[in-house]
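Asker:
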Amino acid sequence: MVDILTDYEKTSNQIDSIGDELKQIGNSFANVGRLIAGKGTKEVSDEKPGVGLTRVMNTPIKKNIAAFRKQIDGIDKVMEKLDKVSEGLRTGKEAEKGAKVSVKKKLSQMKTKSEQTKKEPDKQKTKSKEECL
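Note that numbering that gives the first Met the number 0 gives residue 122 to position 123 of the sequence shown, counting from 1, and the numbers run on in steps of one.
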């Protein structure tokens, strides 16, 4: 997309330079007529770039340039968000890796916890029976 954008910008600049040259040529012919008539010459005004025809030709190209820039900016924003998300995921995985415990050890811990929870209700039941007696 960036390559296409630069191609559009090159084309736009070429059309602008052609328009400026045509504008300068038109002004030069007008100055020749003024000199023949005995009037002074005028400088080219920089109010509008080029001649009307080149501005009309360049309008859709400039619209495309603006659209491409908007798309590229949107893609950049999405990529930044993805980078932040992936960075967050990386730090989470690294923390898990740093605190990584073998599967056997984890299972044995879970087994002991489950055995403890099974024993505790038995103790509570026995206490309640003893209290009743």
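Note that beta-carbon positions come from the ideal geometry of N, C-alpha and C, so glycine has one too.
Kindly indicate which three-state DSSP category V50 falls into: helix, strand or coil?
Answerer: Taking the first residue of the sequence shown as 1, we reach residue 50 at position 51. Under the three-state reduction of DSSP output, V50 falls in the coil class, being neither helix nor strand.
Asker: Compute the distance between the beta-carbons of I14 and M56, then report whether it is under 8 Å.
Answerer: The residue labelled residue 14 in the question sits at position 15 within the sequence shown. The residue labelled residue 56 in the question sits at position 57 within the sequence shown. In this structure, M56 lies closer than 8 Å to I14 by Cβ.
Asker: Measuring CB atoms only, is the segment 8-24 touching the segment 50-66, in the sense that at least three cross pairs come out at less than 8 Å?
Answerer: Touching, yes, given that three or more Cβ pairs across the two stretches are closer than 8 Å.
Asker: Quick one: what does DSSP say E42 is sitting in, helix, strand or coil?
Answerer: Looking up residue 42 in the sequence shown gives position 43. Reduced to three states, the DSSP call for E42 is coil.
Asker: Measuring only the C-alpha atoms, how far is I17 from D75?
Answerer: For the purposes of this step, residue 17 is taken as the residue at position 18 of the sequence shown. For the purposes of this step, residue 75 is taken as the residue at position 76 of the sequence shown. Each residue's alpha carbon lies about 34 Å from the other.
Asker: Use the C-beta contact count for K22: other C-beta atoms within 10 angstroms, 16 or more gives buried, fewer gives exposed.
Answerer: Here residue 22 refers to the residue found at position 23 when the sequence shown is read from its first residue. Flag for K22 reads buried.
Asker: Please determine, among G37, V50, T5, I35, the residue with the shortest C-alpha to C-alpha distance to G183.
Answerer: Residue 183 is absent from the model: the chain starts at 0 and stops at 132.
Asker: M0: which of Q108, N30, A66 sits nearest, CA to CA?
Answerer: As a position in the sequence shown, residue 0 is number 1, starting the count at 1. When each option's Cα is compared against that of M0, the closest is A66.
Asker: Specify the secondary structure class of G37 as computed by DSSP and reduced to three states.
Answerer: Looking up residue 37 in the sequence shown gives position 38. In the structure shown, G37 sits in coil (DSSP, three-state: anything other than H, G, I, E or B).
Asker: Check V109 in the structure and name its three-state DSSP category.
Answerer: For the purposes of this step, residue 109 is taken as the residue at position 110 of the sequence shown. Checking the displayed sequence, the identity of residue 109 turns out to be Met instead of Val. Three-state result, M109: helix.
Asker: Are there 16 or more other CB atoms within 10 angstroms of the CB of D116, so buried, or fewer, so exposed?
Answerer: Along the sequence shown, one-based indexing puts residue 116 at 117. Asp is not the amino acid found at residue 116; the sequence shown has Thr there. With fewer than 16 other Cβ atoms within 10 Å, it is exposed.
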